[in-house]
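Here's the structure we're looking at; comments come further down.
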């Protein structure tokens, strides 16, 4: 188990790299490099969870997002399961399914993922907001300024573009319902993957508190 200073240093390192992954994911998603953006989102959320775990338990959790049950158990052990409960289960499902797609030679069975890009981005931004509110580490000089707050104050466009959380009073329901553009991917281990933009027309889709998934066969 790590001592308090080592916990802080490792947690801060994870937070910084997680945030950089998050910003890179936002840029990719906003430029329609959707699969790459979702894969990097999975990496970012995983690192935020690990920062939370190591900061509160002093233990390093080696599990990755394809073993989300192990991450969930570690989060529950430190008493922060409410963070997972706040997240849309379908958002977690996408992050879990997309993690193995980083390495196509590891894909053993057909895999498909489909969703609306604005809804995924909306859930991603809200998850980072919750992590930022939960992870407030401090050192002997006081509370450490989070990269989220720093970039918000500096008006970093990579953080603010299409970010309903940062652009209040835009409400989540409105953001999740308008300009919905579908994306889907089907990957077979013996064939090249097929990436599908379900619609180039931005639709309006009712939002009832959970993401809409697109079935791909």
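In our numbering, the protein residues as written are 2 to 218. Beta carbons: idealized from backbone N, C-alpha and C, even for Gly. These figures come from a predicted structure and were not determined experimentally.
Inter-residue spacing [alpha-carbon to alpha-carbon] between residue 54 and residue 189: Locating residue 54 in the chain shown gives position 53, where the first residue counts as 1. Locating residue 189 in the chain shown gives position 188, where the first residue counts as 1. As the crow flies, the alpha-carbon of residue 54 is around 35 Å from that of residue 189.
What distance in whole Å lies between the Cβ atoms of residue 16 and residue 96, which are believed to be in contact at a cut-off of 8 Å? For the purposes of this step, residue 96 is taken as residue 95 along the chain shown, with counting starting at 1. For the purposes of this step, residue 16 is taken as residue 15 along the chain shown, with counting starting at 1. Not a contact, Cβ separation roughly 18 Å.
Residue 151 to residue 27, Cα distance in whole Å? By one-based count along the chain shown, residue 151 stands at place 150. By one-based count along the chain shown, residue 27 stands at place 26. So the two alpha carbons sit approximately 17 Å from each other.
Is it the case that the Cβ atoms of residue 113 and residue 49 are separated by a distance below 7 Å? Position 112 of the chain shown, counted from the start, is the residue given in the question as residue 113. Position 48 of the chain shown, counted from the start, is the residue given in the question as residue 49. Their beta carbons are not under 7 Å apart, which means residue 113 does not touch residue 49 by this criterion.
Taking the alpha-carbon positions, what's the residue 162 to residue 76 distance? Walking along the chain shown from the start, residue 162 turns up at place 161. Walking along the chain shown from the start, residue 76 turns up at place 75. Straight-line spacing of the CA atoms in residue 162 and residue 76 works out to 30 Å.
For the ligand COA, I want to know if residue 172 counts as a neighbour, meaning its beta carbon is within less than 6 Å of at least one of the ligand's heavy atoms. The ligand COA is not among the ligands present in this structure, which contains no ligands whatsoever.
Helix, strand or coil at residue 30 according to DSSP, with G and I counted as helix: Residue mapping note: residue 30 aligns to position 29 of the chain shown, counting from 1. Residue state, collapsed to three classes: helix.
Give me, in chain order, the residues of the same chain whose beta-carbon lies closer than 6 Å to that of residue 120; leave out the 5 immediate sequence neighbours on both sides. In the chain shown, the residue the question calls residue 120 occupies position 119. Only 177, 212 meet the Cβ criterion.
Terminal residues of the continuous beta strand (DSSP E) containing residue 113? Here the question's residue 113 lines up with position 112 in the chain shown. Counting along the chain, the beta strand (DSSP E) containing residue 113 begins and ends at 112 to 117.
Buried or exposed by the 16-neighbour rule on C-beta atoms within 10 Å, applied to residue 106: Reading the chain shown from its first residue, position 105 is the one you call residue 106. Counting of Cβ neighbours within 10 angstroms places residue 106 among the exposed residues, the total staying below 16.
Considering residue 80, what are the terminal residues of the beta strand (DSSP E) in which it resides? On the chain shown, residue 80 is found 79 positions in, with the first residue counted as 1. First-last for residue 80: undefined, no H or E at that position.
How should residue 166 be labelled, buried or exposed, when 16 other C-beta atoms within 10 angstroms of its C-beta is the threshold for buried? Position 165 of the chain shown holds residue 166. When all chains shown are included, residue 166 counts as buried.
Whole angstroms is fine: what's the gap from residue 67's alpha carbon to residue 217's? In the chain shown, residue 67 corresponds to position 66, counting from 1. In the chain shown, residue 217 corresponds to position 216, counting from 1. Roughly 20 Å separates the two Cα atoms.
Rounded to whole angstroms, what is the Cα-Cα separation between residue 93 and residue 124? By 1-based counting over the chain shown, the position of residue 93 is 92. By 1-based counting over the chain shown, the position of residue 124 is 123. Between residue 93 and residue 124, the C-alpha separation is close to 10 Å.
Taking Cβ to Cβ, would you say residue 51 is nearer than 7 Å to residue 60? Counted from its first residue, the chain shown places residue 51 at position 50. Counted from its first residue, the chain shown places residue 60 at position 59. No, the Cβ-Cβ distance between residue 51 and residue 60 is not below 7 Å.
Cβ of residue 117 within 7 Å of Cβ of residue 181? Position 116 of the chain shown, counted from the start, is the residue given in the question as residue 117. Position 180 of the chain shown, counted from the start, is the residue given in the question as residue 181. Yes, these two residues count as a Cβ contact at 7 Å.
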